[in-house]
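There are 2 protein chains.
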Amino acid sequence: MDICKEKCINEEKVHQTLESLPPVEEINQMVDIFKALSDPTRLKIVLSLLEQEHCVCDIAVLCNQSDSAISHQLRVLRTMKVLKNRRAGKIVYYSLDDEHVGALIEMSLNHVDHAHSH
Amino acid sequence: MDICKEKCINEEKVHQTLESLPPVEEINQMVDIFKALSDPTRLKIVLSLLEQEHCVCDIAVLCNQSDSAISHQLRVLRTMKVLKNRRAGKIVYYSLDDEHVGALIEMSLNHVDHAHSH
DNA sequence: CTTTCATATGAGCAATTGTTCATATATTGT
DNA sequence: ACAATATATGAACAATTGCTCATATGAAAG
């Protein structure tokens with residue numbers, strides 16, 4: 008918090024912004040959600056599950072990836088509480104476990120659609 | 008598109024979902040935004056710039072990082088068109104260049120606040 | 001024009017990530 | 001009990017990432 012001397016720092020502005028920042032804990036949780044969606048395979052998985060559940064095998068087809076690769080990524084998303092699963096015999100069905108993820112994806116679609124007018 | 012035989016695949020459901028998926032191009036752009044926000048330093052930078060512009064030096068203080076590290080990350084965010092900058096003498100001020108990023112962050116804060124009730 | 005200060009950049013390196021391959025577990029059918 | 005099938009997991013490895021350190025650029029002041 009001790010903003011040092013002899014530098015180009017605008018202490019006033021820094022202090023203002025410092026107060027407005029969320030606690031570290033929250034920032035890290037936000038990072039985790041973004042990280043979950045920041046890989047093409049994982050994003051495709053989540054996109055695939057927006058409307059209906061799917062089994063591992065179907066998700067692998069949808070993502071053009073091996074069952075194993077998908078299983079690894081499903082574990083990541085499960086651990087992050089983005090997805091949940093239910094077992095039906097040999098088959099395991101995955102579905103969304105986070106109501107907010109849909110909204111996040113919607114926003115990112117907005118970003119992409121209204122492409123930059125630079 | 009040729010969904011193979013002899014497998015546990017539910018072709019019906021896979022086809023439905025396949026049609027609902029955005030084109031690869033769009034998915035990659037979405038991934039890029041999420042990637043931009045999926046690092047604690049970069050997210051903190053963007054959070055710091057939500058309300059007002061800051062110079063590189065101030066951002067470094069706000070993020071507890073070296074000027075160099077911040078400069079590297081600012082370049083990443085500039086390249087991704089998340090930030091823009093303006094020069095005032097020796098000092099360079101950075102600010103948001105993407106109206107949608109604010110909304111994205113808002114959504115992720117929602118996610119964090121209404122913490123999972125599992 | 002030389003020095004100083006703010007920022008940018010390149011090389012290098014440790015840490016992390018996403019996949020493959022081999023193997024394990026779980027459930028069903030024979 | 002055993003084989004077959006769906007999913008999960010661990011080790012290994014290449015690729016990517018985010019930082020540091022040294023150095024370069026660009027602007028103001030002496």
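Protein chains in written order, with my numbering: chain X, 8 to 125; chain Y, 8 to 125. All C-beta atoms in this analysis are idealised placements derived from N, C-alpha and C, irrespective of residue type, glycine included.
Asked                                                                                                             : Found
Listed by chain order, chain Y residues near A76 (chain X) by CB distance under 7 angstroms                       : Chain Y residues near A76 (chain X): none, gap ~16 angstroms exceeds 7 angstroms.
Contacting residues, own chain, Cβ-Cβ under 8 angstroms from I128 (chain Y) (five flanking each side not counted) : Outside the modelled stretch of chain Y, which goes from 8 to 125, sits residue 128 (chain Y), for which no answer is possible.
Separation of P30 (chain X) from N117 (chain Y), as counted between CA atoms                                      : 14 angstroms
Burial state of H61 (chain Y), where buried means 16 or more other Cβ atoms lie within 10 Å                       : buried
Beta-carbon proximity list for D74 (chain X), same chain, < 8 angstroms, skipping 5 on both sides                 : V63, C64, A67
Within 8 angstroms, strictly: CB atoms of S42 (chain X) and S27 (chain Y)                                         : Note on identity: in this sequence residue 42 (chain X) is Lys, with Ser being the wrong assignment. Result no, Cβ atoms of K42 (chain X) and S27 (chain Y) do not sit closer than 8 angstroms.
Chain X contact residues for A3 (chain Y), given Cβ-Cβ distances below 8 angstroms                                : Residue 3 (chain Y) lies beyond the range of chain Y shown here (8 to 125); nothing can be said about it.
Secondary structure of N92 (chain X), DSSP reduced to three states                                                : strand
Top-ranked residue by Cα proximity to E19 (chain Y), from X:T86, X:E19, X:Q59                                     : X:Q59
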